[in-house]
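Notes to accompany the following structure.
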Amino acid sequence: MRRAYSLLLAVVFVVVVSGVGVATLWISALGAHQTTQEFLAAQVRIFARSATEAAIFEIQKGSCATEFEFFYPQKEAFLVKSEVSVSYVGGCAGVNSNLSANLSSQAGTKSTNIAKTAAVVLTTTTFSNENASSPQIRFVKTTTQLP
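Counting in numbering that gives the first Met the number 0, the sequence shown runs from 0 upward without gaps.
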């Protein structure tokens, strides 16, 4: 009778140890998937920041454009797409603006006529890969900028 209990205890022990092993593998696979998602989300945030900076650079060069699109790695087959929408508050300063001259000449005065123009930049960045099993990642960022 003692051998039967030993055999039963050995079977229960093997089942418990195999259950712990399966749970460990499942948690490990879940952690790897989460790490991949965090990496892709970080890449999308970095691309959104770059797209916002590129749009602000175009605004500061004097462009009055309201829409910008950026793609990575190329437009035809992209992994990351960033759409930047610019809304001007107080009108667009444009190429012939004396805004920088006003700012530099009136730097020491308390004039309220300095820079009544501002830009609200809305950046929507999306990662989508049809070949990957990862879901679509979307990041939206709003920035205000004095041109």
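A virtual CB, placed ideally from N, CA and C, is assigned to each residue, including glycine.
Annotation for F70: F77, V79, K80, S81 place their beta carbon closer than 8 Å to its own, counting only its chain and skipping 5 residues before and after. Distances from the CA of Y87 to each of S127, I55, H32 were compared; the closest alpha carbon is that of I55.
The three-state reading of DSSP puts T116 in coil, since its state is none of H, G, I, E or B. If you ignore the 5 residues before and after T65, its C-beta comes within less than 6 Å of the C-beta of V85, all in its own chain and listed in chain order. Counting the other CB atoms within 10 Å of its CB gives A47 a total of 16 or more, which places it among the buried residues.
A straight line joining the alpha-carbon of S127 with that of Q135 spans about 5 Å. Beta bridge pairing from DSSP links Y87 with A118. E66 carries a strand assignment under DSSP once its states are collapsed to helix, strand and coil. The DSSP-derived three-state label of E75 is coil.
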